[in-house]
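The block underneath contains the structure these notes are about, expressed in structure tokens.
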Amino acid sequence: MREALRGLTTRGRSFLAAAAAAGISAIVLGERDLLRVAVLLAALPLLAAAYVGRSRYKLACTRSLEPGRAPVGSSARVVLRLQNMSRLPTGTLLLEDKLPYALGSRPRVVLERLGAHQASSVAYTVRADVRGRYPIGPLVIRLTDPFGLCELTRSFPSVDRLTVIPQVVALPTVRLAGEYAGTGDSRARSVAVHGEDDAATREYRRGDDLRRVHWRSTARTGELMVRREEQPWESRATVVLDTRVYAHRGEGPTASFEWAVSATASIAMHLRHAGYKLRLVTGSGIDIDAAETAGEGAILDTLADVKLSQSGDISVLVEQVRRRSDGGLVIGIFGALTVAEAELLTGLRGNGATCIGFAIDSTTWVAMAPGERQESDREHAAAALALVHAGWRSVPVTHGSTLPDLWPAAARGSSGFAWRAAMAETVGGVIR
1 MREALRGLTT RGRSFLAAAA AAGISAIVLG ERDLLRVAVL LAALPLLAAA YVGRSRYKLA
61 CTRSLEPGRA PVGSSARVVL RLQNMSRLPT GTLLLEDKLP YALGSRPRVV LERLGAHQAS
121 SVAYTVRADV RGRYPIGPLV IRLTDPFGLC ELTRSFPSVD RLTVIPQVVA LPTVRLAGEY
181 AGTGDSRARS VAVHGEDDAA TREYRRGDDL RRVHWRSTAR TGELMVRREE QPWESRATVV
241 LDTRVYAHRG EGPTASFEWA VSATASIAMH LRHAGYKLRL VTGSGIDIDA AETAGEGAIL
301 DTLADVKLSQ SGDISVLVEQ VRRRSDGGLV IGIFGALTVA EAELLTGLRG NGATCIGFAI
361 DSTTWVAMAP GERQESDREH AAAALALVHA GWRSVPVTHG STLPDLWPAA ARGSSGFAWR
421 AAMAETVGGV IR
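Number 318 in the UniProt record's numbering belongs to position 318 of the sequence shown; there are no gaps in the numbering.
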């Protein structure tokens with residue numbers, strides 16, 4: 001009750017002051033009717049405080065996000081559902097949900113009243129132009145009585161998180177070199193003839209099920225042979241994201257790093273939908289296997305949080321990828337490279353891997369003087385050629401390039417001098 005009295009509004013306090021003045025006047029003048037007025041004036045704010053103080057603890061609230069993951073630049077809908085658990089109706093409710101600055105200003109919604117055991121839902125939309133995980137909440141409710149004599153707040157401590165993931169764009173279907181590289185019990189067989197029912201044979205061991213005896217092989221070898229289930233051929237792909245801070249230029253959602261993150265997400269989703277066993281490695285130490293985690297959600301959540309790393313060099317990234325190299329397809333999204341850094345990427349060509357690199361010329365994201373631009377173009381062309389000499393198929397990326405236009409170039413072969421024309425036209429083309 002003491003806390004409820006502290007919630008009296010100016011109007012409620014004025015009623016109490018008027019009640020005190022009327023009571024003193026009634027005693028001095030001996031007017032009983034004036035005393036009754038004083039009692040009524042004092043009773044109204046006290047009853048209002050008791051009513052509001054009781055009703056605020058009889059509210060239940062839930063929050064839902066639709067969807068829980070929203071791409072950059074899209075909107076998400078936040079739905080608040082309030083239920084009055086009391087047998088008495090509430091007064092006017094003012095709802096205010098706490099939001100981070102990136103999602104906009106705090107929404108304020110007014111509900112006139114909730115009847116006994118009545119529930120009501122309100123919704124608002126948020127929009128984020130920057131990747132990340134954003135807390136939504138806690139919710140603060142201001143309750144008032146019908147006369148505006150008392151106002152109290154109730155805070156619901158629950159906080160939900162909206163994950164703003166990078167933009168994922170659809171890519172055309174192309175056949176990539178190395179798409180059938182992978183693992184299995186028999187590397188000599190073609191993937192076209194493999195399936196879940198493929199079998200090989202081995203010698204019988206004590207405890208083997210006799211129903212697995214392969215009689216044709218037993219007759220041919222003269223020893224008891226049993227059927228052994230083989231693992232189907234798997235297509236494996238490793239997507240590598242360069243997070244070195246000095247390799248990227250620009251700021252905010254239009255920076256070259258944001259292009260790289262969006263490209264990484266798009267390529268990862270495209271390969272996963274194509275049936276690849278996918279691994280994601282970044283220069284900031286992230287190494288996840290989509291087959292062992294929550295799949296697409298884990299990849300997108302990881303990329304929603306990925307940041308540029310202040311330290312580290314390309315050799316650290318190479319060692320991290322080689323720590324568990326399974327061959328197959330390696331696709332790298334690199335920022336600006338020097339010739340020496342491009343040569344270090346030769347280390348990823350082991351175990352029969354097919355390597356495709358998207359070489360981002362991050363200097364095109366900033367304005368430069370003509371002389372500086374020519375020097376930068378020469379350095380980027382030299383690094384791209386070194387990447388080709390390192391055994392990579394190189395796809396140049398400049399500001400304004402779109403991944404769906406560049407993606408077919410990742411599947412095409414070309415002569416050793418294709419990089420010259422690609423760099424001269426400053427559009428995506430394959431370097432091989």
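Built from N, CA and C at the ideal position, the CB exists for glycine as well.
{"Item": "The segment 259–274 contacting the segment 368–385, beta-carbon criterion three pairs below 8 Å", "Value": "no"}
{"Item": "For Gly-316, three-class secondary structure by DSSP", "Value": "Note on identity: in this sequence residue 316 is Val, with Gly being the wrong assignment. Helix, per DSSP."}
{"Item": "Bounding residues of the beta strand (DSSP E) (the contiguous stretch that carries Pro-396)", "Value": "393–397"}
{"Item": "Beta-carbon gap between Ile-331 and Val-239 smaller than 7 Å", "Value": "yes"}
{"Item": "Where Glu-112 falls, given that 16 or more other Cβ within 10 Å makes a residue buried", "Value": "exposed"}
{"Item": "Assigned exposure category for Asp-361 - 16 Cβ within 10 Å defines buried", "Value": "buried"}
{"Item": "Gln-118 in three-state terms, based on DSSP", "Value": "coil"}
{"Item": "The segment 239–249 in contact with the segment 375–386 per 3-pair CB rule at 8 Å", "Value": "no"}
{"Item": "Inter-residue Cα distance where the pair is Met-269 and Thr-92", "Value": "48 Å"}
{"Item": "Other residues of its chain near Arg-187: CB distance less than 7 Å, five sequence neighbours each side excluded", "Value": "With a pLDDT of 38 at Arg-187, under the threshold of 50, the modelled position of this residue cannot be trusted, and the question is left open."}
{"Item": "Pair within 7 Å by beta-carbon distance, Pro-138 and Val-109", "Value": "no"}
{"Item": "Cα-Cα separation between Leu-94 and Arg-142, rounded to whole angstroms", "Value": "5 Å"}
{"Item": "C-alpha gap between Thr-173 and Thr-363, whole angstroms", "Value": "30 Å"}
{"Item": "From Thr-398, Glu-375, Arg-373 and Asp-301, residue whose alpha carbon lies closest to that of Ile-333", "Value": "Thr-398"}
{"Item": "Ile-360 (DSSP reduced to helix, strand or coil)", "Value": "strand"}
{"Item": "Under 7 Å between C-beta atoms of residue 450 and Leu-44", "Value": "Outside the displayed range of the chain (1 to 432) lies residue 450, so it cannot be described from this structure."}
{"Item": "Rounded straight-line distance, which links the Cα of Tyr-101 to that of Glu-251", "Value": "18 Å"}
{"Item": "Residues that Leu-65 bridges to, as DSSP identifies them", "Value": "Val-78"}
{"Item": "Tyr-134 vs Leu-103 beta-carbon contact at 7 Å", "Value": "yes"}
{"Item": "Residue burial classification, Thr-282 (beta-carbon count within 10 angstroms, cutoff 16)", "Value": "buried"}
{"Item": "Leu-224 - DSSP class collapsed to helix/strand/coil", "Value": "coil"}
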